[in-house]
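Below: the structure, in structure tokens.
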Amino acid sequence: MLPHQDEKEPTSYRGSCGSCPVTVRKMPYLGSEDVVKELKKALCNPHIQADRLRYRNVIQRVIRYMTQGLDMSGVFMEMVKASATVDIVQKKLVYLYMCTYAPLKPDLALLAINTLCKDCSDPNPMVRGLALRSMCSLRMPGVQEYIQQPILNGLRDKASYVRRVAVLGCAKMHNLHGDSEVDGALVNELYSLLRDQDPIVVVNCLRSLEEILKLEGGVVINKPIAHHLLNRMSKLDQWGQAEVLNFLLRYQPRSEEELFDILNLLDSFLKSSSPGVVMGATKLFLILAKKFPHVQTDVLVRVKGPLLAACSSESRELCFVALCHVRQILHSLPGHFSSHYKKFFCSYSEPHYIKLQKVEVLCELVNDENVQQVLEELRGYCTDVSADFAQAAIFAIGGIARTYTDQCVQILTELLGLRQEHITTVVVQTFRDLVWLCPQCTEAVCQALPGCEENIQDSEGKQALIWLLGVHGERIPNAPYVLEDFVENVKSETFPAVKMELLTALLRLFLSRPAECQDMLGRLLYYCIEEEKDMAVRDRGLFYYRLLLVGIDEVKRILCSPKSDPTLGLLEDPAERPVNSWASDFNTLVPVYGKAHWATISKCQGAERCGPELPKTSSFAASGPLIPEDNKEREQELPDSGALMLVPNRQLTADYFEKTWLSLKVAHQQVLPWRGEFHPDTLQMALQVVNIQTIAMSRAGTRPWKAYLSAQDDTGCLFLTELLLEPENSEMQISVKQNEARTETLNSFISVLETVIGTIEEIKS
Amino acid sequence: MIHSLFLINCSGDIFLEKHWKSVVSQSVCDYFFEAQEKAADVENVPPVISTPHHYLISIYRDKLFFVSVIQTEVPPLFVIEFLHRVADTFQDYFGECSEAAIKDNVVIVYELLEEMLDNGFPLATESNILKELIKPPTILRSVVNSITGSSNVGDTLPTGQLSNIPWRRAGVKYTNNEAYFDVVEEIDAIIDKSGSTVFAEIQGVIDACIKLSGMPDLSLSFMNPRLLDDVSFHPCIRFKRWESERVLSFIPPDGNFRLISYRVSSQNLVAIPVYVKHSISFKENSSCGRFDITIGPKQNMGKTIEGITVTVHMPKVVLNMNLTTTQGSYTFDPVTKVLTWDVGKITPQKLPSLKGLVNLQSGAPKPEENPSLNIQFKIQQLAISGLKVNRLDMYGEKYKPFKGVKYVTKAGKFQVRT
């Protein structure tokens with residue numbers, strides 16, 4: 001080691017002394033040239049070449065440096081020479097080296113081809129296989145012409161080891177050709193090799209054909225092939241079994257009889273020791289039996305055991321994926337795992353992602369018998385050291401509260417008593433969603449609220465609390481005083497969303513308790529209009545100010561909306577999800593990500609990066625707030641400007657909307673192109689301009705995203721519209737219903753709608 | 001299927017990479033590191049991560065991450081299982097699956113990875129077949145190799161590759177024919193504050209070590225096969241025979257393998273062999289607390305419980321612990337807040353206990369929740385479910401093999417809440 005390197009990079013010098021194994025890896029980057037020079041000299045040294053052992057040691061050093069990321073391409077010539085040896089280890093090492101550097105030195109690599117070709121006809125099948133595999137992995141242009149003949153010979157080799165290599169070599173050769181042409185003769189040869197003695201050759205044929213025929217939809221599984229594979233199943237190793245099960249999904253049995261024959265043959269694989277095979281077999285059962293729901297249910301009952309075993313497997317990763325699949329099954333068969341609920345209790349030492357999945361599962365399998373125990377368990381998690389996990393548990397209790405309201409509200413109320421910031425904020429958010437969906441718990445929630453304000457610091461929590469105080473303020477004695485505190489400190493408030501919420505809440509409370517609120521409302525409006533720097537807040541302040549000038553009745557008409565509306569549950573996914581709707585996603589990555597999310601990822605790969613928090617976001621989706629705060633009130637604000645044709649719609653409640661919507665037929669349906677992300681608020685604002693009222697819409701980013709709109713023209717004709725955004729199609733589906741059939745007004749309404757959506761789309765891009 | 005594999009240690013160094021198709025740049029691991037950073041604790045890195053062009057499926061084993069790069073839709077369980085198999089193979093070859101062992105044997109590691117996957121598809125993963133392709137390193141062999149210049153690679157094609165039964169090689173010969181079975185049961189349980197069982201289950205496996213010449217056909221029967229709830233089988237077992245007669249009939253692989261794994265989950269059948277008396281309390285507005293636990297035998301079927309270790313993750317506000325123990329030794333790590341008590345055996349005359357004071361950070365609020373105790377133990381010569389092997393018969397060969405069955409019960413995820 002040269003001394004000057006010591007000055008440059010002391011750690012690397014230390015590393016070279018071997019005192020610190022971690023830095024050894026980094027050391028050679030500096031001394032690279034010298035190391036290469038030294039190794040080159042050693043490789044050329046005839047004395048070393050003569051001594052088999054020393055020669056091999058030098059080569060091993062080259063490989064070692066190579067794997068440590070050091071550029072060793074400088075000794076390529078010498079390494080090629082070293083390949084001409086009878087020593088099989090040396091050959092292996094040199095081949096490994098060549099596969100790594102051939103793309104960098106294609107001209108030199110051609111020199112090695114000769115030796116490799118010769119090795120392909122070596123009497124030792126190991127050498128033949130090794131040489132063929134290395135040749136196929138060279139990944140350099142022009143190598144195709146040299147490998148074609150050895151591969152064809154390899155396909156007919158008497159040693160199965162060589163045939164296995166040759167079959168996969170076909171796929172590698174095809175890739176080198178640039179996927180352009182498919183060699184028909186080769187494909188036929190591979191199809192005939194499906195009858196090979198060796199089970200791995202058979203599976204490799206399938207893998208190879210699948211890659212070669214990618215553009216034509218992959219390998220074709222016809223009846224003879226399907227039955228041949230089924231009969232060979234028991235001879236395959238677990239990887240082969242899992243893959244063949246996957247290929248068999250393509251086969252469509254001709255008759256019911258054949259179908260049940262196949263299912264009988266596959267029965268034992270549901271009990272395999274490999275979870276991968278069990279899942280593969282389950283999926284095949286579900287798909288084949290798609291017309292026989294009782295068979296599907298039966299299969300799901302039978303894999304319950306293996307699936308539960310995977311859920312408590314030693315491997316945490318297996319547990320995680322199995323839990324994701326359990327959730328998938330629960331969507332269709334809610335009671336399926338209810339008696340095993342204790343399986344999903346979290347233990348302290350489990351990693352987070354497993355705990356979060358388990359909580360989610362617990363939330364879904366709750367029934368009358370286990371609700372007490374499940375809630376007790378979840379209650380324990382709420383005080384977990386990890387704030388994230390505690391919050392997930394609280395949201396889960398909130399989810400259960402939609403069915404078992406009283407018990408849950410009591411637990412949540414007790415949690416407030418702990419006076420922990422991270423707990424209080426989530427509890428209050430849960431309460432907000434709960435009073436909206438289960439109005440019967442409003443009284444209990446209102447009693448629990450006083451005192452919370454001391455333990456809330458974050459924006460989400462404050463918004464939720466202020467919203468509750470505004471909407472249900474008349475039942476909470478000290479509501480005005482709590483809001484007054486917020487008004488006092490509004491100057492130091494950092495979140496604009498909180499200020500917006502505060503404005504609305506205070507105005508609402510003013511309507512029910514004017515005496516206590518008038519003064520501070522004045523102060524708040526003054527502050528927002530005169531001093532506030534955030535445009536949106538200032539505009540909101542001005543808007544309310546002008547609204548108040550119009551008169552108190554007008555304010556009431558606009559702000560006093562229904563305080564709760566469970567019918568908005570229609571925005572959430574329908575509860576009924578038949579097995580067939582997800583059977584094709586079973587045993588893929590979809591259950592891990594959630595279908596909607598998966599579609600987004602696979603659609604705009606490259607456009608958007610989805611971080612590791614995916615499982616978490618999807619798990620919160622059901623329990624998060626139903627509608628963004630801003631929308632909640634905005635949807636009740638009516639546009640009051642005049643319009644050419646559409647009039648501002650009066651008092652169309654969500655309830656009435658839903659009734660009308662369900663009773664009418666779709667008058668018009670069309671799709672508009674729509675790409676990427678957008679802000680629902682923008683759309684809502686734009687629609688408001690043309691007097692189309694938004695009844696309800698999903699949160700931004702939800703998939704599928706939905707919105708319900710209504711509008712009325714001056715003759716009283718109602719237009720009800722549903723916007724549906726499914727990311728898979730990258731287009732917006734519009735369905736319009738009309739209570740009086742009039743084509744010309746319908747057409748002009750649609751053109752208005754088109755213009756609005758078109759404009760938004762343009763702004764976006 | 002599996003495009004590339006990266007091995008990453010806890011400090012975030014990629015110390016090995018292998019590509020089966022085109023080379024994927026190391027920068028793809030940045031997404032993994034990002035996730036690792038977000039997860040705070042290495043244990044919490046999610047196993048599936050998506051990046052713009054790839055999916056990263058990873059496992060965490062022995063302080064190492066095995067990160068595989070996937071480009072097409074795959075069954076996730078398949079990949080995870082395979083990665084574990086890779087880790088198992090390293091463990092099998094080098095005695096441990098650690099960064100040092102892998103670096104020391106980097107050449108063998110590459111040879112193994114080359115044989116285990118081709119073009120991204122799993123090929124040879126059975127340990128006994130791999131060992132014929134690539135001989136594991138031993139001290140003796142490396143000495144011999146360095147003297148004679150011979151290698152750790154088999155010169156001839158392994159016979160197992162040619163056999164029609166994928167799990168057994170042809171022409172096996174032993175001078176001593178032996179068949180051993182280990183019945184290993186692990187108790188997973190959650191015990192609540194008052195000592196009653198919240199949840200308990202036995203996860204059992206039967207591991208076999210078979211060294212029999214030729215093509216023996218074995219059948220193994222149990223005294224009480226109905227005990228077994230959910231059984232998964234090694235591919236060698238004839239499933240129909242089990243369905244009809246409850247007998248395990250099979251041509252065994254050569255060497256070590258897992259014959260079956262099973263669960264016993266009906267609550268009343270799961271005996272809990274130890275109990276813990278505990279009183280852990282933190283005083284309000286004071287910087288200390290009391291800690292007192294005692295362990296005793298419960299339903300131990302008259303066998304000695306040994307190898308007991310108690311691990312407790314104390315709350316963050318705990319600064320230090322001053323404890324005295326009647327038996328064994330304890331350590332408390334003030335950084336990770338983990339208390340470990342190595343107890344050893346329980347002698348019923350004098351029950352082991354650990355008690356003393358807990359020092360808390362002054363001024364901090366008292367912890368909301370008491371910590372849970374994780375307990376490890378072992379009972380030799382007992383399968384806690386009561387499972388018993390009745391007999392083992394061999395057909396197809398003439399010699400008389402030596403047979404043996406051992407039983408052991410261990411704690412799995414055994415947790416006592418306080």
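First to last, the protein sequences are chains L and S. Residue numbers for the first sequence, in the UniProt record's numbering: 1 to 765. Residue numbers for the second sequence, in the UniProt record's numbering: 1 to 418. The C-beta atom is built at its ideal place from N, Cα and C for all residues, glycine as well.
Supposed contact pair residue j and residue i - C-beta distance, whole angstroms, cut 8 Å
i, j, result
"residue 416 of chain L", "residue 425 of chain L", "Not really, about 11 Å apart at Cβ, beyond 8 Å."
"residue 15 of chain S", "residue 103 of chain S", "7 Å"
"residue 75 of chain S", "residue 279 of chain L", "6 Å"
"residue 219 of chain S", "residue 393 of chain S", "5 Å"
"residue 320 of chain L", "residue 354 of chain L", "5 Å"
"residue 406 of chain S", "residue 92 of chain S", "No, residue 406 of chain S and residue 92 of chain S are not in contact; Cβ-Cβ is about 21 Å, not under 8 Å."
"residue 270 of chain S", "residue 187 of chain S", "7 Å"
"residue 2 of chain S", "residue 79 of chain S", "7 Å"
"residue 372 of chain L", "residue 323 of chain L", "Actually they do not touch by this definition, with Cβ atoms about 23 Å apart."
"residue 58 of chain S", "residue 32 of chain S", "7 Å"
"residue 19 of chain S", "residue 348 of chain L", "Not quite, the Cβ-Cβ distance comes to about 39 Å (not below 8 Å), so this is no contact."
Cutoff 8 Å: residue i Cβ touching any chain S Cβ
i, result
"residue 387 of chain L", "no"
"residue 315 of chain L", "yes"
"residue 587 of chain L", "yes"
"residue 200 of chain L", "yes"
"residue 63 of chain L", "yes"
"residue 612 of chain L", "The pLDDT assigned to residue 612 of chain L is 36, lower than 50, so where the model puts this residue is not dependable, and the model offers no usable value."
"residue 139 of chain L", "yes"
CB contact check: residue i to chain L, cutoff 8 Å
i, result
"residue 258 of chain S", "yes"
"residue 111 of chain S", "yes"
"residue 75 of chain S", "yes"
"residue 84 of chain S", "yes"
"residue 64 of chain S", "no"
"residue 125 of chain S", "yes"
"residue 210 of chain S", "no"
"residue 316 of chain S", "yes"
"residue 231 of chain S", "yes"
"residue 415 of chain S", "yes"
"residue 121 of chain S", "yes"
"residue 374 of chain S", "yes"
"residue 185 of chain S", "no"
"residue 320 of chain S", "no"
Identified DSSP bridge partners for residue i
i, result
"residue 258 of chain S", "S:207"
"residue 341 of chain S", "S:310 and S:330"
"residue 215 of chain S", "According to DSSP, which records beta bridges pairwise, residue 215 of chain S is partnered with nothing at all."
"residue 281 of chain S", "S:290"
Residue i Cβ short of 7 Å to the ligand FMN heavy atom set
i, result
"residue 185 of chain S", "Only the bare structure without any ligand can be found here, which leaves the ligand FMN out of the picture."
Tell me the start and end of each unbroken alpha helix (DSSP H) in the stretch 163–249 of chain L that is at least 4 residues and wholly inside, in chain order. 184–193, 199–212, 223–232 and 238–248
If you scan the stretch 5–82 of chain S from start to end, which runs of the alpha helix (DSSP H) of 4 or more residues do you find wholly inside it? 29–39
Completely contained beta strand (DSSP E) runs for the stretch 270–357 of chain L, where each covers 3 or more residues: none
Inter-stretch contact (C-beta, 8 Å, three-pair minimum) for the stretch 357–369 of chain S and the stretch 340–347 of chain S: no
Take every Cβ of the stretch 167–184 of chain S, pair it with every Cβ of the stretch 193–213 of chain S, and state whether three or more of those distances are shorter than 8 Å. yes
Counting only runs of 4+ residues fully inside the stretch 474–516 of chain L, write out the alpha helix (DSSP H) ranges in chain order. 479–488 and 496–512
Given 8 Å, three or more beta-carbon pairs between the stretch 377–386 of chain S and the stretch 232–241 of chain S: no
Would you call the stretch 263–282 of chain L in contact with the stretch 237–249 of chain L, where contact means no fewer than 3 C-beta pairs closer than 8 Å? yes
Hey, is the stretch 322–330 of chain S in contact with the stretch 366–381 of chain L, meaning 3+ C-beta pairs nearer than 8 Å? no
Would you call the stretch 33–44 of chain S in contact with the stretch 109–128 of chain S, where contact means no fewer than 3 C-beta pairs closer than 8 Å? no
Segment contact flag, the stretch 287–298 of chain S with the stretch 323–337 of chain L, C-beta cutoff 8 Å, min 3 pairs: no
May I ask you to verify whether the stretch 487–496 of chain L touches the stretch 445–456 of chain L, counting CB pairs closer than 8 Å and requiring at least 3? no
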